[in-house]
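There are 2 protein chains.
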Amino acid sequence: MVSKNQIKLITSLQQKKYRQIHQLFIAEGAKVIQELLQSNFELEQLFVTDSIFESINVSKKIVISDADLKKISCLSTPNNCLALFKIPKSKPVSNKGLVVALDDVRDPGNLGTIIRLCDWFGIEQIICSEHTVDVYNPKVVQATMGSISRVSISYVDLELYIQQSKCAVFGTFMDGKNVYKENLPNQGILILGNEANGISNTLEKLVSNRLAIPRFGNLKQTESLNVATATAIFLSEFKRKE
Amino acid sequence: MVSKNQIKLITSLQQKKYRQIHQLFIAEGAKVIQELLQSNFELEQLFVTDSIFESINVSKKIVISDADLKKISCLSTPNNCLALFKIPKSKPVSNKGLVVALDDVRDPGNLGTIIRLCDWFGIEQIICSEHTVDVYNPKVVQATMGSISRVSISYVDLELYIQQSKCAVFGTFMDGKNVYKENLPNQGILILGNEANGISNTLEKLVSNRLAIPRFGNLKQTESLNVATATAIFLSEFKRKE
Numbered sequence: 035m036v037s038k039n040q041i042k043l044i045t046s047l048q049q050k051k052y053r054q055i056h057q058l059f060i061a062e063g064a065k066v067i068q069e070l071l072q073s074n075f076e077l078e079q080l081f082v083t084d085s086i087f088e089s090i091n092v093s094k095k096i097v098i099s100d101a102d103l104k105k106i107s108c109l110s111t112p113n114n115c116l117a118l119f120k121i122p123k124s125k126p127v128s129n130k131g132l133v134v135a136l137d138d139v140r141d142p143g144n145l146g147t148i149i150r151l152c153d154w155f156g157i158e159q160i161i162c163s164e165h166t167v168d169v170y171n172p173k174v175v176q177a178t179m180g181s182i183s184r185v186s187i188s189y190v191d192l193e194l195y196i197q198q199s200k201c202a203v204f205g206t207f208m209d210g211k212n213v214y215k216e217n218l219p220n221q222g223i224l225i226l227g228n229e230a231n232g233i234s235n236t237l238e239k240l241v242s243n244r245l246a247i248p249r250f251g252n253l254k255q256t257e258s259l260n261v262a263t264a265t266a267i268f269l270s271e272f273k274r275k276e
Numbered sequence: 035m036v037s038k039n040q041i042k043l044i045t046s047l048q049q050k051k052y053r054q055i056h057q058l059f060i061a062e063g064a065k066v067i068q069e070l071l072q073s074n075f076e077l078e079q080l081f082v083t084d085s086i087f088e089s090i091n092v093s094k095k096i097v098i099s100d101a102d103l104k105k106i107s108c109l110s111t112p113n114n115c116l117a118l119f120k121i122p123k124s125k126p127v128s129n130k131g132l133v134v135a136l137d138d139v140r141d142p143g144n145l146g147t148i149i150r151l152c153d154w155f156g157i158e159q160i161i162c163s164e165h166t167v168d169v170y171n172p173k174v175v176q177a178t179m180g181s182i183s184r185v186s187i188s189y190v191d192l193e194l195y196i197q198q199s200k201c202a203v204f205g206t207f208m209d210g211k212n213v214y215k216e217n218l219p220n221q222g223i224l225i226l227g228n229e230a231n232g233i234s235n236t237l238e239k240l241v242s243n244r245l246a247i248p249r250f251g252n253l254k255q256t257e258s259l260n261v262a263t264a265t266a267i268f269l270s271e272f273k274r275k276e
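Chains as they are written, first to last, in my numbering: chain A, 35 to 276; chain B, 35 to 276.
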């Protein structure tokens with residue numbers, strides 16, 4: 035049974051301002067919840083409709099009906115479980131290896147996919163501009179498929195961070211140098227821009243190496259690649275020689 | 035003004051069975067419609083709320099209210115235009131260059147993104163299994179961002195097509211050979227599998243070259259990459275030497 039107050043709390047967590055107040059976020063689906071349980075994230079409460087997650091202490095686990103799950107779920111077709119986790123304390127930003135910097139990426143699916151890609155390619159740190167979509171947005175958590183537990187994500191003043199970093203700064207531009215012909219290092223910052231506007235003018239000035247994925251075919255009319263697929267190709271190029 | 039019958043027809047086109055009956059599909063947004071108008075697709079009817087697409091003959095163009103656009107749109111936030119185009123006659127499948135084969139890709143966003151990627155990388159032909167999501171699904175059309183007008187997409191019996199093709203057949207598997215170390219040709223068929231189940235057993239038997247994108251990092255727990263981001267990396271690898 036879920037109380038009215040619980041329903042109110044949980045649905046409020048779909049909004050960033052309430053996540054900040056309560057310092058909690060929602061995770062749905064057995065796979066994502068399993069990965070978070072195995073990581074350093076701290077479980078607040080688990081709601082299940084089936085006999086799953088047997089090892090979780092009953093004080094933290096509430097068995098509810100499908101109808102109640104539908105009331106608290108963010109999904110149009112809810113799974114059989116929903117969990118609340120505590121938002122962890124922000125960690126100092128690491129600049130080990132290649133760091134991915136996101137300049138106002140707004141789409142939750144794109145951020146989730148980029149986190150999953152970073153996890154695959156062994157990128158340990160993502161730094162986001164303050165207007166990048168919140169990593170604890172339920173759609174982002176969902177799209178990471180659990181990778182959120184293995185990649186460190188920080189929100190910072192990107193301009194200040196990059197100015198202080200003294201790293202090589204790579205940015206992606208339509209008129210950049212062919213990424214397939216560049217000698218890419220193991221260390222540095224790779225900036226990916228906003229879906230509609232690309233990298234902002236302020237950050238563009240800090241880019242030391244302008245990169246592009248060349249277009250193929252005769253027509254060459256495709257305007258651009260989606261930011262998540264572009265990230266896939268850039269990370270693959272940075273890592274393929276390792 | 036949109037009549038009740040027009041609203042009924044247009045909303046019915048969100049379903050494949052009605053698209054097949056009427057041989058029409060929906061495109062929304064100025065960019066997608068513009069690209070389709072410049073291609074071989076034939077316009078049936080254009081609905082606009084603003085003075086855009088001035089060159090389109092008034093017999094084909096109807097100015098409607100925002101409220102009416104909301105009634106016929108598939109989007110939660112409609113643009114300022116919606117068009118119906120005729121579904122073109124199926125063309126014979128080409129096997130020039132690299133052909134991308136999709137084995138039951140179900141998510142409209144994934145298919146749209148893959149079409150956009152193929153356009154970028156100069157892939158002229160995509161062949162889809164009969165259970166792959168319909169390319170004229172409004173969400174697919176939207177996600178292609180216009181690339182649908184430049185890539186040929188056919189639905190066939192994939193097993194039969196591959197058996198008859200006599201090409202090298204590449205498939206993507208977790209245990210395949212490191213794609214970064216393979217000598218990839220300019221010609222062949224690259225199979226991408228279903229989001230949940232990968233490539234079916236029937237098609238797996240026809241694969242001559244099993245490929246994988248290696249995982250990096252210490253943890254190596256990421257289960258898999260999304261099919262659209264995997265396609266991005268594979269196409270990049272096939273094309274980067276050109």
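Note that the Cβ used here is the ideal one computed from N, Cα and C, for glycine as well.
When the options are compared against residue i, the one with the closest alpha-carbon
i	options	result
B:G299	B:S199, B:D209, B:F207, B:N235	For residue 299 of chain B there is no data in the structure shown, the boundaries of chain B being 35 and 276.
A:I247	A:K215, A:G143, A:I90	A:K215
A:K211	A:A64, A:F155, A:N243	A:N243
B:V190	B:A135, B:M179, B:R184, B:M35	B:A135
B:L47	B:I182, B:A117, B:Q159	B:A117
B:T263	B:G143, B:T166, B:S99, B:S93	B:G143
B:C152	B:S181, B:K275, B:V175	B:S181
A:S186	A:S37, A:E88, A:N129, A:F119	A:N129
B:E238	B:E164, B:V175, B:V203, B:E78	B:V203
B:I161	B:T147, B:Y195, B:N228, B:N260	B:Y195
A:F59	A:S93, A:H165, A:V174, A:D209	A:V174
A:T265	A:L132, A:E276, A:Q40, A:Q57	A:L132
Chain A contact for residue i (CB, 8 Å cutoff)
i	result
B:G227	no
B:N260	yes
B:F75	no
B:L145	no
B:S93	no
B:S46	no
B:E62	no
B:T263	yes
B:K173	no
B:K105	no
B:R244	no
B:C273	Reading off the sequence, residue 273 of chain B comes out as Lys, not Cys. It does: the Cβ of B:K273 has a partner Cβ on chain A nearer than 8 Å.
B:E193	no
Chain B contact for residue i (CB, 8 Å cutoff)
i	result
A:S128	no
A:I149	no
A:G210	no
A:G251	yes
A:T206	no
A:R140	no
A:I267	yes
A:S270	yes
A:E216	no
A:K125	no
A:E78	no
Pair within 8 Å by beta-carbon distance, residue i and residue j
i	j	result
A:T206	A:I106	no
A:I90	A:L80	yes
A:F272	A:L218	yes
A:L64	A:L70	Before going further, note that residue 64 of chain A is Ala rather than Leu in the sequence given. It is not a contact, given that the beta carbons lie outside the stated cut-off.
A:V127	A:L145	no
A:F155	A:L226	no
B:P172	B:C108	yes
B:I121	B:Y170	yes
B:I233	B:D137	yes
A:T83	A:I98	yes
A:I267	B:I149	no
B:T147	A:N220	no
B:E229	B:V139	yes
A:L240	A:Q197	yes
B:L43	B:H56	yes
A:S183	A:F250	no
Paired residues, beta bridge with residue i - DSSP
i	result
B:T206	B:L245
B:A61	B:A117
A:A135	A:I161, A:I225
A:S186	A:Q159
A:Y79	The sequence given here places Gln at residue 79 of chain A; Tyr does not occur at that position. Answer is A:L118.
A:N212	A:A246
B:I96	B:F81
CB contact below 8 Å: residue i versus chain E
i	result
B:F155	The question asks about chain E, but that chain is absent: this structure's protein chains are A and B.
Contiguous beta strand (DSSP E) assignments of at least 3 residues, all confined to the stretch 221-252 of chain A = For the stretch 221-252 of chain A, whole beta strand (DSSP E) runs of length 3 or above, ordered along the chain, are 222-226, 243-246.
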